[in-house]
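Enquirer: Residue numbers (the numbering used here): 2 to 427. Backbone N, C-alpha and C define an ideal beta-carbon position, used for all residues, glycine too. Structure incoming, see below.
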Ligand code: ADP
Ligand code: ASP
Ligand code: MG
């Protein structure tokens, strides 16, 4: 007998018919004598719809009220899945974030899981009632509803898996695993049998939205075993217990798989893109100590994450331009904040641009090999793609380019690093 946490994303939960299919998959997993808890997302498109309502109500919305609105999508699907399981003769009940509770800390709209009381879930599983938990939602120390950032149901699932000591956390989505790049962009993308936590963390943080970044860091910290697999399968498909999807594994486990010939080591493991950042340029900032702190201090206080930063070479008269990127969703708030601080910072103009994309190549092989970055720059240059900014980490190189060139850049790099599958997946 195993204890399994199963998570179903938005496309898997999109409508009563899809939910019925999910209920069958859940029931099959439970039928083998396993203890099962399920975490669900809102129906595909629902969270976007709710976010738009909040924005229309107030462009500079109060994040606490935003959370009240957007958390509702998961409440609907958790109730519907519990009902559908019951209609199949399976005992099930829903547990909302505040009922468990899923305690969270930090900012609304990007809350972090602090702790989950696993007791009620363990009792429910032990007596054969499937617990259905809405992903994405939690409760703040003040007792208010919180949400965990877009894609947060993945993190809910991993947190639940850690809380109940699950043997595995199966993340069901609309693709059958983690690929070398988004298979919806590159038809020649290859499915990976396994990826290390470290690489998956980096891939997720630069835009491979198949797993939320925090879900990977939490799984790494708590030692939760994750499998990514598809819910779009019929009864003849390989059972989840036989691991048909992609496993997220430790470095040691990966070494073993490579030695056994199950995995091939490549310099670059995957390529990701992110169109959700926006660029801000502040012109003629005083080129003196403390100026940059005046810009980034208030942004940090407002929990706005800054990614790439370029401080251009100083102009005449001790002035310089500062360029940086932030999440597009924070652009209106950041702009309002910076306009407020204009006197204190002493800049001349603020220019914003959402028409950018970040393309990143990731691989642990980079730790011991030089030349990955220069190969990237050459491959992009050969196709006339202009690079606006660059950042690197130990296992990643990212470039900022024009958003219109995203797909081309990803394809070109996928080929350049020898990642193309020999034949396209069926
Ligand atoms: P869910 O609603 O199930 O949470 P998401 O849309 O959040 O699903 O994530 C699944 C999507 O992630 C896929 O449909 C795919 O387009 C995208 N994706 C991006 N990069 C990758 C990758 N490297 N491997 C697999 N899928 C990826
Ligand atoms: N429904 C939320 C979102 O769309 C959370 C999730 O699906 O993971 O971001
Ligand atoms: Mg997701």
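For the ligand ASP, any of its heavy atoms closer than 8 Å to the Cβ of residue 151?
Expert: Within the chain shown, residue 151 is the residue found at index 150, counting from 1. Yes.
Enquirer: Quick one: Cα of residue 427 to Cα of residue 333, how far?
Expert: Position 426 of the chain shown holds residue 427. Position 332 of the chain shown holds residue 333. Low local confidence applies: a pLDDT of 48 at residue 427 is under 50, so the model's placement there is unreliable, and no value is given.
Enquirer: Fully enclosed by the region 152 to 233, which beta strand (DSSP E) runs are 3 residues long or longer?
Expert: Qualifying beta strand (DSSP E) stretches, in chain order: 169 to 174, 195 to 197, 227 to 231.
Enquirer: Quick one, are the C-beta atoms of residue 26 and residue 173 less than 9 Å apart?
Expert: What you label residue 26 is simply residue 25 of the chain shown in a count that begins at 1. What you label residue 173 is simply residue 172 of the chain shown in a count that begins at 1. Taking 9 Å as the Cβ cut-off, residue 26 and residue 173 qualify as a contacting pair.
Enquirer: Give the DSSP-derived three-state secondary structure of residue 384 in the structure shown.
Expert: Position 383 of the chain shown, counted from the start, is the residue given in the question as residue 384. DSSP places residue 384 in coil when its eight states are reduced to three.
Enquirer: Return yes when the C-beta of residue 154 is under 8 Å from any heavy atom of the ligand MG, and no when it is not.
Expert: By 1-based counting over the chain shown, the position of residue 154 is 153. Residue 154: yes, Cβ under 8 Å from the ligand MG.
Enquirer: Going straight from the alpha carbon of residue 196 to that of residue 228, what length do you get?
Expert: Position 195 of the chain shown, counted from the first residue, corresponds to residue 196. Position 227 of the chain shown, counted from the first residue, corresponds to residue 228. Rounded to the nearest angstrom, the two C-alpha atoms are 10 Å apart.
Enquirer: With DSSP run on the structure shown, which of helix, strand or coil describes residue 296?
Expert: Residue mapping note: residue 296 aligns to position 295 of the chain shown, counting from 1. Helix.
Enquirer: Report whether the distance from the Cβ of residue 176 to the nearest heavy atom of the ligand ADP is below 8 Å.
Expert: As a working mapping, residue 176 is identified with position 175 in the chain shown. Because some heavy atom of the ligand ADP lies under 8 Å away, the Cβ of residue 176 counts as near it: yes.
Enquirer: Around the C-beta of residue 156, are 16 or more other C-beta atoms found within 10 angstroms, so that it is buried, or is it exposed?
Expert: Here the question's residue 156 lines up with position 155 in the chain shown. Buried is the call here.
Enquirer: For the 8 Å Cβ check, are there 3 or more pairs between the region 270 to 278 and the region 292 to 300?
Expert: No, the region 270 to 278 does not touch the region 292 to 300.
Enquirer: Looking only at its own chain, which residues have a Cβ that is under 7 Å from the Cβ of residue 152, when we skip the five neighbours before and after it?
Expert: Mapped onto the chain shown, residue 152 falls at position 151. Taken in chain order, the residues that qualify are 210, 213.
Enquirer: The beta strand (DSSP E) that contains residue 358, what's its start and end?
Expert: Within the chain shown, numbered from 1, the residue matching residue 358 stands at position 357. Element bounds for residue 358: 357 to 363.
Enquirer: Hey, does residue 146 have any beta-carbon neighbour from chain D nearer than 9 Å?
Expert: The question asks about chain D, but that chain is absent: this structure has only one protein chain.
Enquirer: Given the structure, does residue 43 come close to the ligand ASP, in the sense that its CB is under 8 Å from one of the ligand's heavy atoms?
Expert: As a first step, residue 43 is located in the chain shown; it is residue number 42 there, counting from the start. True, at least one ligand heavy atom lies under 8 Å from that Cβ.
Enquirer: Any contact between the region 41 to 59 and the region 132 to 144? By contact I mean 3 or more CB pairs, one from each, below 8 Å.
Expert: The answer is yes - the region 132 to 144 touches the region 41 to 59, with three or more Cβ pairs under 8 Å.
Enquirer: Going by DSSP in three states, residue 139 sits in which element: helix, strand or coil?
Expert: In the chain shown, the residue the question calls residue 139 occupies position 138. In this structure, residue 139 counts as strand in the three-state DSSP scheme.
Enquirer: Quick check on residue 361: buried or exposed, where buried means 16 or more other Cβ atoms within 10 Å of its Cβ?
Expert: As a first step, residue 361 is located in the chain shown; it is residue number 360 there, counting from the start. Counting Cβ neighbours within 10 Å, residue 361 comes out buried, since at least 16 surround it.
Enquirer: So who's on the other strand from residue 279, going by DSSP bridges?
Expert: By one-based count along the chain shown, residue 279 stands at place 278. 327, per the DSSP bridge assignment.
Enquirer: Take the Cβ of residue 166 as the centre, count every other Cβ of all protein chains shown within 10 Å, and call the residue buried at 16 or more, exposed below.
Expert: The count along the chain shown starts at 1 and reaches residue 166 at position 165. So residue 166 counts as exposed.
Enquirer: What's the call for residue 405, buried or exposed, on a 16-neighbour Cβ count within 10 Å?
Expert: Mapped onto the chain shown, residue 405 falls at position 404. Counting Cβ neighbours within 10 Å, residue 405 comes out exposed, since fewer than 16 surround it.
Enquirer: On a Cα-Cα basis, can you pick out the residue from 184, 341, 97 that is closest to residue 122?
Expert: As a position in the chain shown, residue 122 is number 121, starting the count at 1. Per the Cα distances, 97.
Enquirer: Using the beta-carbon count (16 or more within 10 Å), is residue 91 buried or exposed?
Expert: To locate residue 91, count along the chain shown from 1; it is residue 90. When all chains shown are included, residue 91 counts as buried.
Enquirer: If you measure between the beta carbons of residue 45 and residue 80, is that distance less than 9 Å?
Expert: One-based indexing of the chain shown puts residue 45 at position 44. One-based indexing of the chain shown puts residue 80 at position 79. No, the pair does not count as a contact, with Cβ atoms beyond the cut-off.
Enquirer: Residues bridged to residue 397 by DSSP?
Expert: Position 396 of the chain shown, counted from the first residue, corresponds to residue 397. BP columns for residue 397 point to 363, 394.
Enquirer: Helix, strand or coil for residue 251, going by three-state DSSP, please let me know.
Expert: Taking the chain shown and counting its residues from 1, the one referred to as residue 251 is at position 250. Correct three-state label for residue 251: coil.
Enquirer: Would you decide whether residue 106 is buried or exposed? Buried here means 16 or more other CB atoms lie within 10 Å of its CB.
Expert: Here residue 106 refers to the residue found at position 105 when the chain shown is read from its first residue. Exposed: under 16 other Cβ atoms inside 10 Å.
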